[in-house]
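These notes concern the structure reproduced below.
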Amino acid sequence: MLLLSGHHKLRFTSGCVVTNRLTENPDWKVLLLEAGDEENALTDIPETAHYLQFTKFNWNFTTEFQPGACRGLNNERCPWPAGRAVGGASVINNNIYTRGNPNDFDRWLEAGNVGWGYKDVLPYFKKSEDIDVPELKRSEYHGVGGYLNVDYSPYKSKLMDAFLESAPEVGLNLTDYNSPDGNVGFSRIQGTIQFGRRFSASQAFLRPIVERPNFHVMKKARVLKVLIDPNTKRVFGVEFMKNNKKRVVYAKKEVVLSAGAFFSPHLLLLSGIGPREQLEQFNIPVLADLQVGENLQEHPAFASLAFTVNQKVGLVSDRIFSNLAKETIKAFTNQGWTTTLGCEGLGYVRTKYNNYPPGVPDIEYIFVPASLAIEEEKGGSLLRKTMGIPDRTFKELFRDVKNKDAWSIWPMLMYPESRGYVRLKSADPMVYPAVQSNFFQDPLDLLRIVEGIKMVIELSKTNAFQKYKSKLSTRILPACKKHKYGSDDYWGCCVRQLTMQMHHQCGTCKMGPDGDRTAVVDPRLRVHGIKGENVVDVGNQSGRTYVWDLDVTVVLQCDRVVFQVGNQSGRTYVWDLDVQDPSSIKFQILSHPRCMSAVRQTTLSKNGNVLLCVCDDGTVWRFPSSSRSCHILAACQQSDKPPYPRMAMSCCVYVMMALCGDGI
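The opening residue of the sequence shown carries number 3 in this note's numbering; numbering runs sequentially from there.
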């Protein structure tokens, strides 16, 4: 957790980002509490993502038993990784930079989350980004000079070329999937890497600020609960464990909780925020009856397709490890296959079951220039163990492709209809919560992913792949042999047996406006009914989202919450989004002694010369860029007892349009 002036716990990717942004203001003191430890040299290698799941950097969650998924995996549970390090999930995931579809954010806006539409969030994406892809540097949808380096991997296989060449044969284009017009098509992966090395949230946002005097990070500090005054409903600190001793730290201003989609709801529940019935079951006093831990979402996928080829164009363990010294040198000089992100390409497609607006896909292709059997000979078997596939099943299914040049596409469901949950097992903070995915509880989810499998098989028949004589391995999964091979029932059985999660858990602290009974935080990411606490992480996803790398959306949320934490008590903090050197950013504080209410919303005039601030008490304030003075524009009071958030808002928007001569 992160403590702002004695403040709160930011434990995952978001903790690094919020810490960076908050400490830009020298008047704010920040303590970052992190349960994990620093990264090491191994975590810098992008290709090690799957192997890191067997290290101290993973919390090692597994799903609860469910009849419709994960049935063929070890103990009939899906393993579910979660990052445990300074930098969180960005230390162990695949570092794929994918923002999401503009329609995702516009749906958030339509649901009442003011300020979260695509046009609202794009400047924040650009602010954090430093795009290093030459053809994208001039794009209006990418940023240059931010903390987060985005680039292609230095390595590209010939099979990746075939993947890109296959797109026109199935009627698709090569696209920039991070532009609003590029969300259906094929692309190389944009990754948060720099010179072929992993560029985690810690490296991007914390290392540049380690010398700031108003910042301190405490590692190996596991937060146990948030401390809340039961009378005022205000957060005043956190309790945490360090060196086997319980400690308390107090917050003078706010607590920002960023513990991920599993631990953020867990800590809220332990602190008395959550469904009343669940809290009372464990004798936890109820401070806010909210749907904490519900609405869990994930992108299930199927990773067991394998297509052999007749040329040496894939990744094969015999060749990789035949000269281990050479490969090691390549790894530590940022060259070769170890610079890939575990996969090379992404494709976004629409199945026949797609009922979304044009430009919104329902299946993502994850292209890998190898099969799951890449490492079975000399490299061990860690890859398939991360997926929980038993030895016997693996040997039966992949024995024909073992140590052969091959490729695979993992079809991933973009918008699951099914919802899971995170719930308490005990009032003891050291006991992990129960995590239930409910994969394929809605039958439409299974129909879509099965259709995605069939579309991948058709893609393998294109000229681009057939120049390598691509051939699907047709070994039958023993648990599904009662179904005709290749039928929808067969593939559906395979998906239920060998379900794969994609580390994209989200939604357990849902964002929504007042009146949304399913929401945990409001559009300013403040916990409903609780003062002084923000939740900033993937748990905030308010609706369905297809972003591969949810860390990217978290970076956006962090920038938003920092802006909102600052805009209180009549102060507005502004900075230049277009600076070349982000480390030189300086806040400018706009205020007026008569403006004492919290700033609710801000907007710029069309020419950028005037900033308008709408306050909760219904007043509108005008800050011309040419002058440090400020002027009150109007008071839209509908009652004699401020604040008037809803009525004032509609009235003030009208006043802003009327009084700002150069338009809004």
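All residues carry an ideal CB built from backbone N, CA and C; glycine is no exception. Every value quoted in this text rests on a predicted model; they were computed, and no experiment measured them.
Once the 5 residues before and after residue i are set aside, which same chain residues still bring their CB inside 8 Å of it?
i	result
A429	L272, F284, N285, I286
K227	V240, E241, L269, L272, S273, P431
L374	A305, S306, A308, L385, R386, M389, I391, F396, F400, S410
C482	Y492, C495, C496, Q499
R79	T64, T65, E66, F67, C72, G390
K427	V433, Y434, P435, A436
R199	D46, I47, P48, N336, T341
K128	Y143, H144, G145, G148, L579
Output the boundary residues of the beta strand (DSSP E) element that contains residue i.
i	result
D231	223–231
H218	217–220
Y149	Note, Y149: premise wrong, no beta strand (DSSP E); not H, not E.
S472	Segment: none, S472 is in no beta strand (DSSP E) and carries neither H nor E.
C615	612–617
M513	M513 -> no beta strand (DSSP E), and no H or E assigned at all.
W110	Unbroken run through W110 is the alpha helix (DSSP H), 104–112; no beta strand (DSSP E).
K387	Unbroken run through K387 is the alpha helix (DSSP H), 384–388; no beta strand (DSSP E).
V351	347–351
L289	Unbroken run through L289: none, as it is neither H nor E.
For residue i, collect the residues of the same chain with a Cβ closer than 6 Å to its Cβ; drop the 5 residues on either side in sequence, then sort them by chain order.
i	result
L75	G390
R236	K533, G534
S475	A308, D402, V403
N22	F207, I211
P44	For the sequence presented, residue 44 should be read as Leu rather than Pro. T50, listed in sequence order.
P156	G198, T341
Please report how far the alpha carbon of residue i lies from the alpha carbon of residue j, in whole angstroms.
i	j	result
V497	A169	25 Å
P125	V622	23 Å
P626	F165	52 Å
P104	L415	18 Å
Y487	M162	28 Å
M502	T340	23 Å
H218	L33	5 Å
S181	P363	14 Å
G422	V452	21 Å
D39	M220	9 Å
L174	V351	8 Å
G184	D178	5 Å
V212	S204	10 Å
E419	S130	31 Å
A436	A253	30 Å
Q667	T25	Because the chain spans 3 through 666 in this model, residue 667 falls outside it and cannot be assessed.
P48	D132	19 Å
Where do the ends of the alpha helix (DSSP H) carrying residue i lie?
i	result
Q468	465–468
G454	445–461
P125	120–130
P267	262–272
Q438	Per DSSP, Q438 belongs to no alpha helix (DSSP H); it is in the beta strand (DSSP E), 436–438.
M432	Counting along the chain, M432 falls outside any alpha helix (DSSP H), and DSSP gives it neither H nor E.
T621	Premise fails: T621 lies in the beta strand (DSSP E), 621–626, not in any alpha helix (DSSP H).
A164	160–168
L498	Checking the sequence shown, residue 498 turns out to be Arg, not Leu. Note, R498: alpha helix (DSSP H), 490–499.
E256	Where E256 is concerned, there is no enclosing alpha helix (DSSP H), although the beta strand (DSSP E) it sits in stretches over 256–259.
Answer with buried or exposed for residue i, where buried requires no fewer than 16 other C-beta atoms within 10 angstroms of its C-beta.
i	result
M432	exposed
S489	exposed
P360	exposed
G517	exposed
F264	buried
N42	exposed
I94	buried
I478	exposed
P445	exposed
Assuming the contact rule is C-beta atoms closer than 8 Å, residue i and residue j should be a hit. Round their C-beta distance to whole Å, please.
i	j	result
R624	V612	6 Å
S92	S202	4 Å
R224	A84	That pair is no contact at about 14 Å.
Y355	R450	5 Å
T510	P267	4 Å
S189	G347	7 Å
In chain order, what residues of the same chain lie with their CB nearer than 7 Å to the CB of residue i, ignoring the 5 residues before and after it?
i	result
L448	F442, G494, V497
S462	F309, S472, L474
G276	L270, L292, V294, G295
G454	T353, I365, P413
P232	P287, L289
N297	R421, G509, T510, K512, T520
For a test of your reading of the model: does the CB of residue i fall under 6 Å from any non-hydrogen atom of the ligand SAM? Yes or no.
i	result
G531	For the ligand SAM, the structure offers nothing, since it holds no ligand at all.
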